[in-house]
């Protein structure tokens with residue numbers, strides 16, 4: 080039995096490593112391993128050794144040269160990562176658009192999904208902590224509210240729904256009139272309830 084030996088290639092050389100960076104601090108010849116920004120706008124970097132990058136970072140002030148108003152504006156924009164934002168209800172949608180109404184529009188499907196597949200009152204998630212009174216449940220669903228709720232918030236929600244569903248605002252629509260009757264009944268029931 081003969082043993083085969085594997086030939087290895089030795090005619091290639093390792094690529095030359097780039098020369099190490101030298102610290103950008105004057106009178107320092109140490110190897111630079113740490114980068115630091117030159118300006119707030121990102122106009123390149125300095126390269127420092129560990130001692131000099133520590134010294135540079137202690138003296139670095141990102142907001143240098145900015146007014147107090149500019150600093151506050153920067154901090155507000157930082158909440159969204161300096162990306163543009165828009166108020167809810169824009170981009171072609173208004174609060175008067177029928178699909179924007181959680182009770183009657185597209186978003187009503189989410190309310191039904193929270194209750195369960197059949198939309199029955201008994202399959203609500205425990206996190207909603209539904210009251211035992213079915214009439215109270217119904218009133219809360221009509222007003223699209225959950226307990227606990229302050230009476231002032233209930234009044235605001237009632238005014239909002241009346242404006243949205245009043246027959247005069249909907250061209251005398253019978254559905255809006257029926258919806259307004261339900262809203263009035265639900266509001267009366269909730270205002271008479273002591274457990275809000």
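Residue numbers (the numbering used here): 80 to 275. Each residue gets a CB set at the ideal place from its N, CA and C atoms; glycine is no exception.
Item: Beta-carbon spacing of residue 106, residue 125 below 8 Å; Value: no
Item: Proximity winner among 255, 245, 227, 127, relative to residue 273 (alpha-carbon distances); Value: 227
Item: Buried/exposed call for residue 229, threshold 16 Cβ in 10 Å; Value: exposed
Item: Cβ pair count under 8 Å reaching 3, the region 253-272 against the region 217-224; Value: yes
Item: Local conformation of residue 213 per DSSP, three classes; Value: helix
Item: Coarse secondary structure for residue 143, derived from DSSP in three states; Value: coil
Item: Closest by C-alpha distance to residue 100, when choosing among 248, 232, 128, 213; Value: 128
Item: Alpha helix (DSSP H) segment containing residue 248, residue limits; Value: Unbroken run through residue 248: none, as it is neither H nor E.
Item: Coarse secondary structure for residue 101, derived from DSSP in three states; Value: strand
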